[in-house]
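There are 2 protein chains.
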Amino acid sequence: MKEKNLLAELAAYLFSNSDKESGRTPSERELAEHFGVSRGQIREALAILEAMRIVERRAKSGIYIDTKQASVEALALFARAGLPLDPVQIYETVELRKIHEIKAAELACSRATEENFERLREILKASEERIAAGEGLAKEDREFHLEIVRATKNSVFHNICSVYYLMGEQRLPIYFNDPERSVRSHAEHIQIYEALLRRDGNLAQALMNAHLQGAESYWKGIIEGRGKEPKSAALEKA
Amino acid sequence: MKEKNLLAELAAYLFSNSDKESGRTPSERELAEHFGVSRGQIREALAILEAMRIVERRAKSGIYIDTKQASVEALALFARAGLPLDPVQIYETVELRKIHEIKAAELACSRATEENFERLREILKASEERIAAGEGLAKEDREFHLEIVRATKNSVFHNICSVYYLMGEQRLPIYFNDPERSVRSHAEHIQIYEALLRRDGNLAQALMNAHLQGAESYWKGIIEGRGKEPKSAALEKA
DNA sequence: TCCTCCAAACTGGTTCGACCAATTGGGCCT
DNA sequence: AGGCCCAATTGGTCGAACCAGTTTGGAGGA
Numbered sequence: 001m002k003e004k005n006l007l008a009e010l011a012a013y014l015f016s017n018s019d020k021e022s023g024r025t026p027s028e029r030e031l032a033e034h035f036g037v038s039r040g041q042i043r044e045a046l047a048i049l050e051a052m053r054i055v056e057r058r059a060k061s062g063i064y065i066d067t068k069q070a071s072v073e074a075l076a077l078f079a080r081a082g083l084p085l086d087p088v089q090i091y092e093t094v095e096l097r098k099i100h101e102i103k104a105a106e107l108a109c110s111r112a113t114e115e116n117f118e119r120l121r122e123i124l125k126a127s128e129e130r131i132a133a134g135e136g137l138a139k140e141d142r143e144f145h146l147e148i149v150r151a152t153k154n155s156v157f158h159n160i161c162s163v164y165y166l167m168g169e170q171r172l173p174i175y176f177n178d179p180e181r182s183v184r185s186h187a188e189h190i191q192i193y194e195a196l197l198r199r200d201g202n203l204a205q206a207l208m209n210a211h212l213q214g215a216e217s218y219w220k221g222i223i224e225g226r227g228k229e230p231k232s233a234a235l236e237k238a
Numbered sequence: 239m240k241e242k243n244l245l246a247e248l249a250a251y252l253f254s255n256s257d258k259e260s261g262r263t264p265s266e267r268e269l270a271e272h273f274g275v276s277r278g279q280i281r282e283a284l285a286i287l288e289a290m291r292i293v294e295r296r297a298k299s300g301i302y303i304d305t306k307q308a309s310v311e312a313l314a315l316f317a318r319a320g321l322p323l324d325p326v327q328i329y330e331t332v333e334l335r336k337i338h339e340i341k342a343a344e345l346a347c348s349r350a351t352e353e354n355f356e357r358l359r360e361i362l363k364a365s366e367e368r369i370a371a372g373e374g375l376a377k378e379d380r381e382f383h384l385e386i387v388r389a390t391k392n393s394v395f396h397n398i399c400s401v402y403y404l405m406g407e408q409r410l411p412i413y414f415n416d417p418e419r420s421v422r423s424h425a426e427h428i429q430i431y432e433a434l435l436r437r438d439g440n441l442a443q444a445l446m447n448a449h450l451q452g453a454e455s456y457w458k459g460i461i462e463g464r465g466k467e468p469k470s471a472a473l474e475k476a
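Protein chains in written order, with our numbering: chain A, 1 to 238; chain W, 239 to 476.
And the structure:
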């Protein structure tokens with residue numbers, strides 16, 4: 001499995017070629033033929049999918065897909081594969097992200113080092129340039145938020161949170177399609193940065209809360225179908 | 239890979255048979271011979287370990303282990319395999335757990351349904367019986383906390399938190415070896431339950447915070463080597 | 001027509017052996 | 001002593017084969 005694309009493609013294929021009732025998917029041999037690889041490759045990918053709780057392999061019976069139990073890493077995989085995630089799961093993730101990042105902002109206040117501030121400044125500078133160029137944020141937004149989590153000096157925390165951004169990787173550019181959104185986000189980032197610099201935990205927390213509120217309502221809107229997502233070439237299948 | 243033990247055993251073997259400098263482990267062929275299974279099996283397990291970021295497979299070079307980047311699921315796997323986790327990572331996980339569960343208690347206050355309360359009552363009853371029998375909690379403690387997370391009705395939240403308990407699976411019985419600890423925990427569980435029942439978010443949060451404080455200091459103590467863990471047959475290698 | 005039951009086809013689990021090409025390390029030559 | 005080259009090693013991949021339960025479809029009976 002050198003190309004990790006196989007994993008995502010396989011997940012996608014399993015998802016759309018499974019029995020709606022039982023969740024039963026094509027057999028390993030069929031999958032191998034369809035992807036033009038050996039059964040061994042398929043089995044390796046299935047092992048990972050099973051570890052992610054996306055799939056269950058029942059001996060001598062078949063492969064069954066069930067995304068309800070999927071791990072967070074699995075959700076990220078699905079998101080990157082452009083698969084239609086359960087809107088409920090997306091929203092749940094957004095809720096979690098909020099919990100994590102607000103607390104991260106507070107912790108970062110007492111633990112951030114000069115190195116972190118340096119990185120944040122670099123990111124903010126890059127953001128400014130991008131906005132000046134009339135482009136949307138996305139990469140910079142992701143890096144800003146992750147740097148704050150990194151500033152908590154809790155690597156497990158960082159591991160968990162980085163998954164959120166893996167999940168949103170494809171949709172973030174769409175979110176920031178609206179230039180006004182980029183500008184506002186950038187302004188809020190600066191406020192948060194300054195709060196961190198002043199080591200004002202309560203303020204940082206409050207600012208982060210307000211900052212994430214926007215994203216939350218955005219997602220809520222999409223999930224409830226109130227607002228349609230703008231089209232994007234990267235998401236033609238979504 | 240029908241026996242998921244192979245995964246844990248392989249992880250353990252890789253961990254103790256890797257080069258301290260480079261992290262290079264024995265080759266697939268050697269591993270296959272050592273475990274008495276085919277290379278295919280080993281490769282399947284390695285694929286999972288690689289997805290968990292425990293291991294990196296470099297084509298035509300070798301397999302390299304690096305637990306610093308490991309995912310949370312990987313930490314759980316290591317813990318269950320009785321492997322010596324990085325104390326720092328353990329502590330970081332405890333910190334995260336606290337963040338999660340305090341917030342979970344608050345959310346549960348507004349979202350818990352009668353079904354959740356029913357389960358909590360059952361668990362508390364089981365706890366009482368276990369204490370009356372002079373036994374330590376552990377399973378009941380785990381279930382109590384997980385039920386609260388479940389009461390948030392956020393399944394992703396639940397997915398993440400269940401990993402913590404997978405991690406602590408082996409050590410919880412040791413923690414509750416001290417009968418006094420079981421009794422105190424149970425009493426605190428009851429308080430928390432009552433706060434949830436009254437839908438008092440602030441109180442539930444505060445109680446959960448205090449409740450987890452004990453566990454935090456316990457782990458901190460072990461990590462800093464101040465307190466030694468009591469011996470346990472299940473942990474002779476730890 | 002419908003139900004029962006059995007055998008054949010299918011399925012995941014596992015092994016073996018083989019080939020490829022990049023990496024690596026040690027021995028040889030300078 | 002230093003540098004170069006080749007051969008062994010290694011992960012990546014494939015295909016064929018066997019096993020033992022599971023499914024399933026059709027034959028045969030009610």
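No residue lacks a Cβ here, since even glycine has one placed at the ideal position from N, Cα and C.
All values derive from a computational prediction rather than experimental measurement.
Using beta carbons (cut-off 8 Å, strictly below), is residue i in contact with chain A?
i, result
"residue 317 of chain W", "no"
"residue 349 of chain W", "no"
"residue 331 of chain W", "yes"
"residue 458 of chain W", "no"
"residue 311 of chain W", "yes"
"residue 282 of chain W", "yes"
"residue 394 of chain W", "yes"
"residue 286 of chain W", "yes"
"residue 461 of chain W", "no"
"residue 429 of chain W", "no"
In whole angstroms, what is the alpha-carbon distance linking residue i and residue j?
i, j, result
"residue 131 of chain A", "residue 172 of chain A", "15 Å"
"residue 115 of chain A", "residue 105 of chain A", "16 Å"
"residue 337 of chain W", "residue 103 of chain A", "7 Å"
"residue 422 of chain W", "residue 247 of chain W", "36 Å"
"residue 389 of chain W", "residue 349 of chain W", "6 Å"
"residue 163 of chain A", "residue 193 of chain A", "23 Å"
"residue 97 of chain A", "residue 274 of chain W", "44 Å"
"residue 454 of chain W", "residue 333 of chain W", "8 Å"
"residue 79 of chain A", "residue 416 of chain W", "46 Å"
"residue 331 of chain W", "residue 396 of chain W", "15 Å"
"residue 442 of chain W", "residue 452 of chain W", "16 Å"
"residue 117 of chain A", "residue 153 of chain A", "13 Å"
"residue 320 of chain W", "residue 59 of chain A", "29 Å"
Let's test the definition: count the other Cβ atoms within 10 Å of the Cβ of residue i and tell me whether it reaches 16, buried, or not, exposed.
i, result
"residue 89 of chain A", "buried"
"residue 243 of chain W", "exposed"
"residue 309 of chain W", "buried"
"residue 299 of chain W", "exposed"
"residue 351 of chain W", "exposed"
"residue 475 of chain W", "With a pLDDT of only 34 at residue 475 of chain W, under 50, the local geometry of the prediction cannot be trusted, and the value read off the model is given with reservation. That one is exposed."
"residue 459 of chain W", "exposed"
"residue 376 of chain W", "buried"
"residue 366 of chain W", "exposed"
"residue 256 of chain W", "buried"
"residue 27 of chain A", "exposed"
"residue 168 of chain A", "buried"
"residue 346 of chain W", "buried"
"residue 182 of chain A", "buried"
"residue 136 of chain A", "buried"
"residue 69 of chain A", "exposed"
Does any residue of chain W have a CB that is nearer than 8 Å to the CB of residue i?
i, result
"residue 159 of chain A", "yes"
"residue 96 of chain A", "yes"
"residue 54 of chain A", "no"
"residue 99 of chain A", "yes"
"residue 103 of chain A", "yes"
*Got a sec: which bits of the region 253–280 of chain W sit with their beta carbon under 7 Å from any beta carbon on chain A, in order along the chain?*
Under the 7 Å Cβ criterion, the region 253–280 of chain W contributes 278.
*asked:* Between the region 266–273 of chain W and the region 244–252 of chain W, can you find at least three pairs of beta-carbon atoms closer than 8 Å?
replied: A contact exists between the region 244–252 of chain W and the region 266–273 of chain W.
*Name, going along the chain, the residues of the region 432–450 of chain W whose beta-carbon falls closer than 7 Å to a beta-carbon of chain A.*
Listed by position, the residues of the region 432–450 of chain W near chain A (Cβ gap below 7 Å) amount to none.
_Is it the case that the region 310–317 of chain W contacts the region 283–294 of chain W, given that we only count it when at least three CB pairs across the two stretches are under 8 Å?_
The answer is yes - the region 310–317 of chain W touches the region 283–294 of chain W, with three or more Cβ pairs under 8 Å.
*In chain order, what residues of the region 119–144 of chain A put their CB closer than 9 Å to some CB of chain W?*
Result list empty, no residue passes.
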